[in-house]
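*Asks:* Below you will find the structure I want to go over with you.
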Ligand SMILES: [Zn+2]
């Protein structure tokens, strides 16, 4: 009897030793799944909470990583983590906070944001383009609030304040057609780009002339009323803007022409060597053909191959590549 009790006791002791040995194998629980032994990272995926490459000023972007682990038996489990390291380019208009960033409220359409996200040895580059939301930059009175920005959208539904005069107008240095000093001005950034555009054109055998740049509210008022009384209301609203609704008041729009078009603003300019060159190349210096052919219903004005609008290189390229008008690009129409 004593012997058998001893035997049972011994067996129980051995069993418990064995069980303890099994239990000491490393167990890691990930997302409710038990993994055994040493784990290996077998996959890292980076994700963000945006649905497109476009971000709006003020938007919060959250970056997460999904890390997949595999145990010694080949069993897998993954976990989502915000523990990432993010590097941003110095120009990016964002405020970084851990694995999140907020796009600056003052960011301009076309600005690029490039960030590099890393975990362990793996990294991924995320690229975004800022695109303003036009409904956030207009008051109930139809007057826009971002009139000083190079991406401000001005049209028949979006007016400039009556007293808005850009503070950085400069005299054009390119050849001009008319003597009026007011209209031979643009905002500095646009004037500099226009000079560069004209110089490049010249090198390629294309000679351009500037005809009408900045126009004050009162100049535009006189022009529009003059058009109404001489050519009638219909013509006036098709070819000229009411005061406050002209892009020329932004100091970022310029009407250009060439000797081949008689130095005039005519649709024929679009078919000249000069007009065709401008159509293909203006965006490389930040200008777009604001009122393209066949888009009158969208932009509100007849085709004007001569009317260029400066929006900055980045945005001009985006718009040019899209083949859309400003109104379509910003989903206003
Ligand atoms: Zn114009």
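Numbering (the working numbering), first residue to last: 48 to 380. All C-beta atoms, glycine included, are put in the ideal place defined by N, C-alpha and C.
1) Is it a yes or a no for the region 121-136 touching the region 73-83, going by three-plus beta-carbon pairs under 8 Å?
2) Report back the beta-carbon spacing between residue 263 and residue 296 to the nearest angstrom; my notes put them in contact at under 8 Å.
3) Identify whether residue 107 lies in helix, strand or coil by the three-state DSSP scheme.
4) In whole angstroms, what is the alpha-carbon distance linking residue 223 and residue 98?
5) Could you spell out where the alpha helix (DSSP H) holding residue 224 opens and where it closes?
6) By how many angstroms is the C-alpha of residue 147 removed from the C-alpha of residue 276?
7) Shortest alpha-carbon distance to residue 377 belongs to which of 75, 273 and 345?
8) Any heavy atom of ligand 2 inside 7 Å of the beta-carbon of residue 302?
9) Using only the alpha-carbon positions, how far apart do residue 301 and residue 356 sit?
10) Pick from 196, 255, 133 and 208: whose alpha carbon is nearest that of residue 187?
11) Residue 202: buried (16+ other C-beta within 10 angstroms of its C-beta) or exposed?
12) The alpha helix (DSSP H) spanning residue 389 covers which residue range?
13) For the beta strand (DSSP E) that residue 259 lies in, which residues bound it at each end?
14) If the criterion is Cβ atoms closer than 8 Å, does the pair residue 160 and residue 172 meet it?
15) Round the Cβ separation of residue 237 and residue 299 to the nearest angstrom and send it over; I've been treating them as touching at under 8 Å.
16) At the level of alpha carbons, what is the spacing between residue 248 and residue 352?
17) When you measure from the CB of residue 343 to every non-hydrogen atom of ligand 1, does any distance come out below 7 Å?
18) Check whether the Cβ of residue 311 sits closer than 7 Å to any heavy atom of ligand 1, and report yes or no.
19) Going by C-alpha distance, which of 255, 217 and 110 is nearest residue 323?
20) Kindly give me the distance between the Cβ atoms of residue 95 and residue 109, rounded to whole angstroms, as I take these residues to be in contact under 8 Å.
21) Are there any heavy atoms of ligand 1 lying less than 7 Å away from the beta-carbon of residue 351, as far as the coordinates show?
22) Residue 131: which of 165, 104 and 225 sits nearest, CA to CA?
*Replies:* By the coordinates alone:
1) yes
2) One-based indexing of the chain shown puts residue 263 at position 216. One-based indexing of the chain shown puts residue 296 at position 249. Residue 263 to residue 296, Cβ: 7 Å. Contact.
3) Taking the first residue of the chain shown as position 1, residue 107 is located at position 60. In the structure shown, residue 107 sits in a strand (DSSP, three-state: E or B).
4) As a position in the chain shown, residue 223 is number 176, starting the count at 1. As a position in the chain shown, residue 98 is number 51, starting the count at 1. If you take the alpha carbons of residue 223 and residue 98, they lie about 46 Å apart.
5) By one-based count along the chain shown, residue 224 stands at place 177. Counting along the chain, residue 224 falls outside any alpha helix (DSSP H), and DSSP gives it neither H nor E.
6) Within the chain shown, numbered from 1, the residue matching residue 276 stands at position 229. Within the chain shown, numbered from 1, the residue matching residue 147 stands at position 100. A direct Cα-to-Cα measurement between residue 276 and residue 147 gives close to 58 Å.
7) Locating residue 377 in the chain shown gives position 330, where the first residue counts as 1. Checking every option, the nearest Cα to that of residue 377 belongs to 345.
8) The ligand content of the structure shown is limited to ligand 1, which means ligand 2 is not among them.
9) On the chain shown, position 254 is the one that residue 301 refers to. On the chain shown, position 309 is the one that residue 356 refers to. Straight-line Cα distance between these residues: approximately 6 Å.
10) Numbered from 1 along the chain shown, position 140 holds the residue referred to as residue 187. Considering only alpha carbons, the answer is 208.
11) Walking along the chain shown from the start, residue 202 turns up at place 155. Buried, by the Cβ-count rule.
12) Since the displayed the chain opens at 48 and closes at 380, residue 389 lies outside it and no answer follows.
13) One-based indexing of the chain shown puts residue 259 at position 212. Segment 256-259, the beta strand (DSSP E) holding residue 259.
14) Along the chain shown, one-based indexing puts residue 160 at 113. Along the chain shown, one-based indexing puts residue 172 at 125. No. Outside cutoff.
15) For the purposes of this step, residue 237 is taken as residue 190 along the chain shown, with counting starting at 1. For the purposes of this step, residue 299 is taken as residue 252 along the chain shown, with counting starting at 1. Rounded, the Cβ-Cβ distance is 5 Å, consistent with contact.
16) For the purposes of this step, residue 248 is taken as residue 201 along the chain shown, with counting starting at 1. For the purposes of this step, residue 352 is taken as residue 305 along the chain shown, with counting starting at 1. Spanning the two alpha carbons is a distance of roughly 16 Å.
17) Numbered from 1 along the chain shown, position 296 holds the residue referred to as residue 343. Answer for residue 343: no, Cβ out of range of ligand 1.
18) Indexing the chain shown from 1 puts residue 311 at position 264. Not under cutoff, so the answer is no.
19) Locating residue 323 in the chain shown gives position 276, where the first residue counts as 1. Selected option, being the one with the closest Cα: 255.
20) The count along the chain shown starts at 1 and reaches residue 95 at position 48. The count along the chain shown starts at 1 and reaches residue 109 at position 62. Between residue 109 and residue 95 the Cβ distance is about 7 Å, and since that is below 8 Å, they are a contact.
21) Here residue 351 is taken as the residue at index 304 of the chain shown, counted from 1. Under cutoff, so the answer is yes.
22) Taking the first residue of the chain shown as 1, we reach residue 131 at position 84. Measuring from the Cα of residue 131, the nearest candidate turns out to be 165.
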